[in-house]
Each structure stands twice: as structure tokens, then as C-alpha cells.
Amino acid sequence: MTEEYDVEFVEREDREARFLVRGVTPAFANGIRRAMIADVPTMAIDTVRFVENSSVMFDEQLALRLGLVPLTTPPVGEFVEDDTVTLSIDVEGPATAYSGNLVSSDSLVQPADENVPIIDLKDGQRLEAEAEVVLDRGKNHAKHQGGVAVGYRHLQRVEVVGDVPEFEEPDERIVRGVIEDDGELVPTSEFDHDLTNRYPDQEVAIEDVPNAFVFHVETDGSFTVEELVTRAAETIEARATELEEAVQL
Amino acid sequence: MELRVTESSENELSIEIAGEDHTFMNVLKGTLLEHDDVSAATYDVNPEQSGGQTEPILTIKTEGGVDPLNALEEAAVDVGEKAVAFRNAFEAAA
């Protein structure tokens with residue numbers, strides 16, 4: 109069976125993108141979405157050894173906060189589950205300890221953002237700790253979720269079917285996502301999500317385009333959107349291969 | 029991925045697929061239903077807190093003398109091909 113997929117980017121940045129996929133079944137689209145959220149492994153702090161913590165928070169609270177700091181995840185094959193990287197932090201008050209103060213033993217694993225506050229330290233307070241970073245999946249803990257805000261909507265086709273009667277009070281027509289107008293893809297944000305702005309005084313019909321989904325993907329900075337989507341597809345592929353082999357036995 | 033057959037006959041098969049959730053099972057079920065000789069395919073999974081059976085159980089019914097296990101194998105191949113096709117299409121656009 110040959111599948112005809114067609115992918116087209118609508119908006120694109122490093123950490124956020126919107127792209128259209130044609131020819132995909134709802135089941136497969138949802139599989140990809142779920143895989144992006146729960147099955148793509150990312151690095152996150154898992155164990156913390158405190159050398160000194162004279163801040164106002166308990167060790168456990170700080171450990172949770174450290175765990176939630178997004179870290180860059182190295183390319184596939186560089187690390188496997190159970191490998192660890194050590195990060196250390198040493199900040200003395202008065203100052204705020206930020207994620208940028210974490211010093212990594214491996215250049216591939218760094219805080220994705222420098223400005224995540226960990227704790228505000230007053231005069232004389234100090235935080236010194238070493239943290240172990242592990243690779244794991246979002247299914248086991250939300251801190252390992254590479255994809256945040258991942259979702260999809262049907263592509264919507266808009267057609268002009270006539271004019272609004274001259275003396276009729278115009279109602280707003282709100283749509284969100286991406287519309288297709290004569291083959292042209294237009295994000296609804298371009299006309300403030302209101303079709304009457306784009307088609308003034310015209311009657312329009314909207315319908316979902318079958319098997320065309322517009323994905324909106326945002327990552328936490330662990331990797332780019334492209335990495336996330338490819339790795340999600342790879343996890344599904346890996347499971348299919350595993351099942352194939354298991355059935356043959 | 030551990031498989032355990034819970035019920036099996038000539039044209040019907042119930043199989044437990046350990047360690048999987050909706051992510052993979054729904055894709056697999058959808059692909060099985062695209063198969064010409066599969067007359068019914070469904071899966072059942074209980075929430076973790078429910079106690080008892082929590083691994084998904086896939087049930088396949090076939091017609092025309094096709095072995096349900098073969099249908100499952102073909103579907104697994106199809107899912108893999110879909111994932112590869114999707115990845116290639118995505119990389120071509122990226």
C-alpha cells in the first residue's frame with residue numbers, strides 16, 4: 109500500500125510551527141500528536157544532591173523546580189535511557205538562581221532557556237547542588253515532554269456562495285485555524301479570525317477538507333519542531349516493526 | 029512489546045498487546061479496518077486505576093479464510109510504511 113502524504117508549512121519558527129498534512133487519516137494524525145507529547149524522549153533533571161541549601165524552600169521543592177527546567181536533548185543515538193549527565197549549580201545570595209546558572213558536564217545538554225528562575229536567595233542564603241540528568245519519555249513524567257501545545261484542526265475550505273442581502277445586519281463569522289481559499293492557505297489570524305473581514309458583504313460556506321489536518325506544534329526548546337515531528341514518526345515506526353517481529357514469532 | 033493470545037479461532041483473534049496505549053492501538057485498528065479481508069477490528073483498554081486487565085486487547089475478525097494473525101502482520105507493516113511515508117513527506121517539506 110502506498111500512502112500519498114503531502115506536507116506544507118504555513119508558519120515556521122524554531123520552536124513553533126504550523127503545517128498542513130494532506131492524505132492522513134484521523135487515527136494516524138492523532139497517533140502522531142500523542143507520540144509527540146508522550147513518546148519522544150527528552151533530557152531532564154531526575155536526581156539532585158544538595159551540598160548546601162539555606163534558601164527558604166525545601167530540597168524536594170527545589171528538586172521539582174530543577175526537574176522542570178527544559179534542557180536541550182542531543183541527537184538520536186548520542187544517549188540512551190539510563191545514561192546520565194551531571195549539572196551543577198552554585199549561587200550565593202543576594203541573587204536569584206536562574207536556569208542559566210546551571211553548569212553542564214556535556215555541551216550537548218544545556219538549559220534551553222537561561223532565564224527560568226529557580227529560587228530567590230536573600231543575603232547569606234546559598235544554593236549548591238549537583239543534579240543527574242536522564243533521558244525519559246513524557247509518558248512517565250511531564251518534565252520529559254518535548255512537545256507543549258501540540259494539536260491539530262481540520263483544514264477548512266471557504267467558498268463564496270453569494271452576496272449578503274443589502275439591508276441585512278452583518279453577523280461576525282469566527283473561524284480559527286487555517287482556511288483554504290482557491291488553493292491558497294491563509295491563517296485565520298490574518299483577518300482577525302473573522303470571515304466578514306476577509307469577505308465583506310459576501311455569503312460564504314465553510315467545510316472541513318477530508319483528511320487534511322493543520323498541526324500546530326510548539327516545543328519546550330529541547331529540540332526544533334522538525335526534530336520533534338520526525339522523532340514522533342520514528343517512535344510509531346519502531347513500534348510497528350516491533351509488532352511485526354513479535355507476530356512472526 | 030509482549031503478545032498474548034487470549035482467544036483464537038479460524039477467523040477471529042483476541043490478542044493482548046502489553047505496554048501499548050491509544051497512541052499505537054488506534055492507528056493499528058484504523059489500519060486493520062482498511063484491510064479488505066478484515067470485517068471487524070477493535071481494541072479495548074481500561075484505565076490504570078480500574079484494577080484487573082489494563083493492557084489493550086485487540087480483536088480482529090476476518091472473512092474469506094484469511095488468518096487474522098496474517099492480517100495483523102500486514103497491518104503492522106502498513107503502519108510502519110505510513111510512518112516512513114509521513115516522515116519522508118515531512119522532511120521533504122522541511
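Residue numbers (the numbering used here), protein chains in the order written: chain C, 109 to 357; chain G, 29 to 122.
Quick reminder that beta carbons are idealized off the backbone N, C-alpha and C, glycines included.
In chain order, each alpha helix (DSSP H) run of at least 4 residues that lies wholly inside the stretch 253–301 of chain C: Segments of the alpha helix (DSSP H) lying fully in the stretch 253–301 of chain C: there are none.
Outcome for isoleucine 88 of chain G when other beta-carbon atoms lying within 10 angstroms are tallied against a minimum of 16: For this step, residue 88 of chain G is matched to residue 60 along the second sequence. Under this definition isoleucine 88 of chain G is a buried residue.
N-terminal and C-terminal residue of the beta strand (DSSP E) that arginine 120 of chain C is part of: Residue numbering aside, residue 120 of chain C sits at position 12 when the first sequence is read from its first letter. In this chain, the beta strand (DSSP E) harbouring arginine 120 of chain C covers 114–120.
Cβ-based contacts, 8 Å cut-off: residues of the stretch 102–114 of chain G near chain C: Only Ala104, Val105, Asp106, Val107, Gly108, Glu109, Lys110, Ala111, Val112, Ala113, Phe114 from the stretch 102–114 of chain G bring a Cβ to less than 8 Å from some Cβ of chain C.
Whole-angstrom C-beta distance between glycine 201 of chain C and glutamine 233 of chain C, which should lie under 8 Å: The residue you call residue 233 of chain C lines up with position 125 of the first sequence. The residue you call residue 201 of chain C lines up with position 93 of the first sequence. Contact between glutamine 233 of chain C and glycine 201 of chain C holds, with the beta-carbon distance rounding to 4 Å and staying under 8 Å.
Whole alpha helix (DSSP H) elements within the stretch 142–229 of chain C, 4-residue minimum: As far as the stretch 142–229 of chain C is concerned, its whole alpha helix (DSSP H) runs of at least 4 residues are 167–175.
Contact list for alanine 348 of chain C against chain G, beta-carbon separation under 7 Å: For the purposes of this step, residue 348 of chain C is taken as the residue at position 240 of the first sequence. From the beta-carbon of alanine 348 of chain C, the residues of chain G found nearer than 7 Å are Ala104, Val107, Gly108, Ala111.
Continuous beta strand (DSSP E) stretch holding proline 318 of chain C: start and end: Counting from 1 along the first sequence, the entry for residue 318 of chain C is found at position 210. First-last of the beta strand (DSSP E) with proline 318 of chain C: 310–327.
Close beta carbons around valine 294 of chain C, own chain, < 6 Å, minus the five adjacent residues each side: Numbered from its first residue, the first sequence carries residue 294 of chain C at position 186. Taken in chain order, the residues that qualify are Ile287.
Residues near proline 225 of chain C by beta carbon distance below 7 Å, same chain, minus five either side: Stepping through the first sequence from its first residue, residue 225 of chain C is reached at position 117. Within the same chain, proline 225 of chain C has close Cβ partners Thr204, Tyr206.
Chain C within 8 Å of asparagine 39 of chain G, Cβ atoms only: Residue 39 of chain G sits at position 11 when you count from the first residue of the second sequence. So no, asparagine 39 of chain G is outside the interface.
Below-8 Å beta-carbon distance, tyrosine 113 of chain C vs any chain G residue: The residue labelled residue 113 of chain C in the question sits at position 5 within the first sequence. With 8 Å as the cut-off, tyrosine 113 of chain C counts as an interface residue toward chain G.
Valine 325 of chain C CB to nearest heavy atom of the ligand ZN below 7 Å: With respect to small molecules bound, the structure shown includes none, and the ligand ZN cannot be examined in it.
Exposure label - threonine 82 of chain G; buried when at least 16 CB within 10 Å: Counted from its first residue, the second sequence places residue 82 of chain G at position 54. Residue environment for threonine 82 of chain G: exposed (fewer than 16 other C-beta atoms within 10 angstroms of its C-beta).
Residue nearest to valine 156 of chain C in terms of C-alpha spacing, selected from C:Asp122, C:Thr194, C:Val256: As a working mapping, residue 156 of chain C is identified with position 48 in the first sequence. Looking at the Cα atoms, C:Thr194 is the closest of the given residues.
CB of alanine 111 of chain G within 8 Å of CB of glutamate 352 of chain C, strictly: Position 83 of the second sequence, counting from 1, holds the residue named residue 111 of chain G. Position 244 of the first sequence, counting from 1, holds the residue named residue 352 of chain C. Their beta carbons are not under 8 Å apart, which means alanine 111 of chain G does not touch glutamate 352 of chain C by this criterion.
Interface residues of chain G facing glycine 139 of chain C [CB-CB closer than 8 Å]: Locating residue 139 of chain C in the first sequence gives position 31, counting from the first residue. What glycine 139 of chain C touches in chain G: Thr51, Phe52, Asn54, Val55.
Contacting residues, own chain, Cβ-Cβ under 8 Å from proline 57 of chain G (five flanking each side not counted): Residue mapping note: residue 57 of chain G aligns to position 29 of the second sequence, counting from 1. Note that residue 57 of chain G is lysine in the sequence shown, not proline. The residues Ala69, Thr70, Tyr71, Leu86, in chain order, have a CB closer than 8 Å to that of lysine 57 of chain G in the same chain once the five nearest residues on each side in sequence are set aside.
CA-to-CA distance, valine 337 of chain C to valine 269 of chain C, given in whole angstroms: Within the first sequence, numbered from 1, the residue matching residue 269 of chain C stands at position 161. Within the first sequence, numbered from 1, the residue matching residue 337 of chain C stands at position 229. When rounded, the distance between both Cα atoms is 38 Å.
CB contact below 8 Å: alanine 122 of chain G versus chain C: By one-based count along the second sequence, residue 122 of chain G stands at place 94. Yes, contact with chain C.
As assigned by DSSP and simplified to three states, the class of arginine 234 of chain C: Against the first sequence, residue 234 of chain C aligns to sequence position 126. Secondary structure at arginine 234 of chain C: strand, using DSSP grouped into helix, strand and coil.
Residues from the stretch 118–130 of chain C in contact with chain G, defined by Cβ distance under 8 Å: For the stretch 118–130 of chain C, the set of positions with a beta-carbon nearer than 8 Å to some beta-carbon of chain G reads Phe127, Val129 in chain order.
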